[in-house]
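To convert, take the position in the sequence shown, counting from 1, and add 1089; that gives the numbering used here.
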Amino acid sequence: MKNIVILISGGGSNMAAIARTAQKEHWQEKWGIRVAAVISNQLDAGGLSVARSLGIATDVVHHRDFASREKFDAALMARIELHAPQLVVLAGFMRILTPGFVAHYAGRLINIHPSLLPAFAGLHTHQRAIDMGCKVAGTTVHQVTAELDHGQILAQAAVPVLPGDTADTLAARTLTQEHLIYPQAVRSFFARSAIRAGQD
């Protein structure tokens, strides 16, 4: 079984998009791919109940229970490893991960960022795009590396910046595209992995 572990901090809408797409398209039956677990660093993350409603195992590793970022990441890694994942997906996981964590999952850790990287890495992407007068914004699925928002780009989708847009309206328009491209990028990750395995 090719297991996916998804990390969330909030409502988990991208997690739900991936999980629902996997179920709708029968990933497990066709390719042996499944969302094995959803893990949050927040006890009250709304996405946990969504995951449970989809029949997915959930867990919480609360970051405030640990004295350092390294100890939290070590505990998180231990919980993730219980599910032997081939892919770890960040879906609104609001923690900066340590280099050791990123190195452990190198090549199988992906994230989605609400801009057309390499433009507007970091925070406040929608407002920055509006302030710069951009006509187009978007979202990017990328490999996670030690350098924030600089890993290999796996998928992108563009959205128009409309007259009168606010950061919130642009974010909402971008989110609809995130829900489309993130499941596609996850599916493509496993397709590429299968091709590489066949070449070895």
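Backbone N, C-alpha and C fix where the C-beta goes; we use that ideal spot for every residue, glycine too.
Check                                                                                                                                                   : Outcome
Quick check: what's the CA-CA separation for Gly1189 versus His1268?                                                                                    : 29 Å
Apart from the five residues just before and just after Phe1279, which ones in its own chain have a Cβ nearer than 7 Å to its Cβ?                       : Lys1091, Trp1120 and Ile1122
Keeping to the same chain, check which residues put their C-beta closer than 7 Å to that of Asn1103; ignore five residues upstream and five downstream. : Ala1180, Gly1181, Ile1201, Glu1267, His1268 and Tyr1271
Leu1198 lies in the beta strand (DSSP E); which residues open and close that run?                                                                       : Leu1198 to His1202
Give me the Cβ distance between Phe1209 and Arg1197, rounded to the nearest whole Å; I'm assuming they're in contact under 8 Å.                         : About 26 Å separates the two Cβ atoms, so there is no contact after all.
Which of the three DSSP states, helix, strand or coil, is assigned to Gly1222?                                                                          : coil
Using a threshold of 9 Å, state whether the C-beta atoms of His1115 and Gln1131 are closer than that.                                                   : no
Does the region 1148-1164 come close enough to the region 1247-1266 that 3 or more CB-CB pairs lie under 8 Å?                                           : no
I'd like the ranges of any alpha helix (DSSP H) spanning at least 4 consecutive residues and lying wholly in the region 1098-1183.                      : 1102-1113, 1116-1120, 1135-1142 and 1158-1170
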